[in-house]
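Enquirer:
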Ligand code: PLP
Ligand code: COI
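Numbering (my numbering), first residue to last: 184 to 526.
(1) Which stretch, first to last residue, makes up the beta strand (DSSP E) that contains residue 391?
(2) With DSSP as the reference, label residue 250 as helix, strand or coil.
(3) Would you kindly work out how many angstroms separate the C-alpha atoms of residue 376 and residue 359, rounded to a whole number?
(4) Return the first residue and the last residue of the alpha helix (DSSP H) that residue 283 is part of.
(5) Pair every Cβ in the region 237-248 with every Cβ in the region 256-274, then say whether three or more of these pairs are closer than 8 Å.
(6) Helix, strand or coil for residue 363? Go by DSSP, reduced to three states.
(7) Quick check on residue 405: does DSSP put it in helix, strand or coil?
(8) Could you check how far apart the C-beta atoms of residue 527 and residue 287 are, in whole angstroms? I think they sit under 8 Å.
(9) By the 10 Å Cβ neighbour count, where 16 or more other Cβ atoms means buried, how is residue 433 classified, buried or exposed?
(10) Count Cβ pairs between the region 377-384 and the region 272-289 that sit closer than 8 Å; are there 3 or more?
(11) Assuming residue 315 contacts residue 234 (C-beta within less than 8 Å), just tell me the rounded distance between them.
(12) Assuming residue 325 and residue 239 are in contact, meaning their beta carbons sit under 8 Å apart, how far apart are those beta carbons, in whole angstroms?
(13) Below 8 Å on the Cβ atoms is my contact criterion, and I expect residue 307 with residue 338 to pass it. Report the Cβ-Cβ distance as a whole number of Å.
(14) Leaving out five residues on either side along the sequence, give the residues of the same chain with a beta carbon under 7 Å from the beta carbon of residue 449.
(15) Do the CB positions of residue 402 and residue 453 come within less than 7 Å of each other?
(16) Report yes if the C-beta of residue 349 is less than 6 Å from at least one heavy atom of the ligand PLP; otherwise report no.
(17) Check for me: the beta strand (DSSP E) holding residue 418 runs from which residue to which?
(18) Measuring straight from C-alpha to C-alpha, what distance separates residue 490 and residue 461?
(19) What are the residues that DSSP puts in a beta bridge with residue 448?
(20) Within its chain, find whatever has a CB closer than 8 Å to the CB of residue 383; leave out the 5 residues flanking it on each side and keep chain order.
(21) For residue 291, which residues in the same chain have their Cβ closer than 8 Å to its Cβ, ignoring the five residues on either side in sequence?
(22) Closer than 6 Å to a non-hydrogen atom of the ligand COI - does that hold for the CB of residue 270?
(23) Jot down the residue ranges of each uninterrupted beta strand (DSSP E) in the region 206-264, minimum 3 residues, whole runs only, in chain order.
(24) On the DSSP bridge list, what partners appear for residue 462?
(25) Determine the burial state of residue 404: buried for a count of at least 16 other Cβ atoms within 10 Å of its Cβ, exposed for fewer.
(26) Checking 7 Å against the spacing of the C-beta atoms, do residue 347 and residue 389 come in under that value?
(27) Is the CB of residue 193 under 7 Å away from at least one CB in chain C?
(28) By DSSP, does residue 350 sit in helix, in strand, or in coil?
(29) What is the DSSP secondary structure of residue 307, reduced to helix, strand or coil?
(30) Verify the contact flag: residue 409, CB atom, against every heavy atom of the ligand COI, threshold strictly below 6 Å.
(31) Using only the heavy atoms of the ligand PLP, determine whether one of them is closer than 6 Å to the beta carbon of residue 473.
(32) Going by C-alpha to C-alpha distance, which of 274, 198, 302 sits closest to residue 249?
(33) Classify residue 440: buried if its beta carbon has 16 or more other beta carbons within 10 angstroms, exposed otherwise.
(34) What do you get for residue 510, buried or exposed, if any count of 16 or more other CB atoms within 10 angstroms of its CB means buried?
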């Protein structure tokens, strides 16, 4: 068993850490095989594999938690299975059925229980599914063979400082995804396309980059590798766009906002509307909510200060605590979002 004595659970970064086992399933001759367990952290791959040449690569991310009642809870894994299938349709890869996906998630967690961070530390076990075209092609065509694997790593907060405000920079020089392009799919190419914008924002001292729609540069798209939401007049407002990844966290927050008696609007959000939000945040599995301090449109010389006191707002805080409570089993799971594992 890999060494856990030296893990500083309370100060884990959001990063890779070796684990004992990962799980893999291969698609060959038109069908998925049996789930295999591997103790190797490398894969042997054909040099002409389509994932290396033509971007047939999809990934997912979800979390499991050690809870105060001693059980392990996994959050909304069927949603990740469905999104992975949607991504596979988007780039012509073999779709992995939901039951195999969920079986793999449970298996990879149960094989690495010693890496699930203790409850008190606020850390979680991150599950990273990856699905790639492994069959060779030289012409631009989908592969005949695929591999789906899942590994885990214990992770701390995505942003140092956890649930706190961050500042973002609107980047106009680079787009992450085009309308009707691959933005709605979780393919590696979107992240490659984001690296320069992210680097630029970091160089200027911001936590991350902020994207407007690629066509008109008028509407809000995404907040780095997270969805955006704004709050005003007891309403949760989030962009409707054909280049944004359908975030499971965002979908969940919309339901929680409704449960709290708020209104929810999913519609194009013009940049200027940023000036009117009482609160705003990025949302995603890694951070749940990452409250926004301010957003600067550097090229246009504009600054939208969202948090006047530099602290997360009351509604974001309430949503965040409710969300984490459901994940930890301390708030009722009224929508059936959680899978309990007896590990
Ligand atoms: N947007 C992008 C580009 C992402 O990479 C992610 C992370 O997965 C999200 C949004 C948030 O999605 P989710 O809430 O499903 O983690
Ligand atoms: C998220 O989980 O919120 C992400 O953005 C995942 C990222 C590491 C790709």
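We put the beta carbon where it would ideally sit given N, CA and C, even for glycine.
Expert: Taking the definition as stated:
(1) 391-395
(2) coil
(3) 5 Å
(4) 281-293
(5) Yes: at least three Cβ pairs fall under 8 Å.
(6) If DSSP states are grouped into helix, strand and coil, residue 363 belongs with coil.
(7) Residue 405 falls in the strand class under three-state DSSP.
(8) This structure does not reach residue 527, given that the chain is present from 184 up to 526, and the question cannot be answered.
(9) buried
(10) Below 8 Å, too few C-beta pairs join the region 377-384 and the region 272-289 to call them touching: fewer than three.
(11) 4 Å
(12) 6 Å
(13) About 6 Å; that satisfies the 8 Å criterion.
(14) 421, 423
(15) yes
(16) no
(17) 418-421
(18) The C-alpha of residue 490 lies about 8 Å from the C-alpha of residue 461.
(19) 420
(20) Closer than 8 Å at Cβ, skipping near neighbours: 352, 354, 356, 357, 392.
(21) 204, 205, 206, 310, 333, 334, 335
(22) no
(23) 219-221, 240-242, 245-249, 255-258
(24) 414
(25) buried
(26) no
(27) Going by chain labels, chain C is absent from the structure shown, which holds only one protein chain.
(28) strand
(29) strand
(30) yes
(31) no
(32) 302
(33) buried
(34) buried
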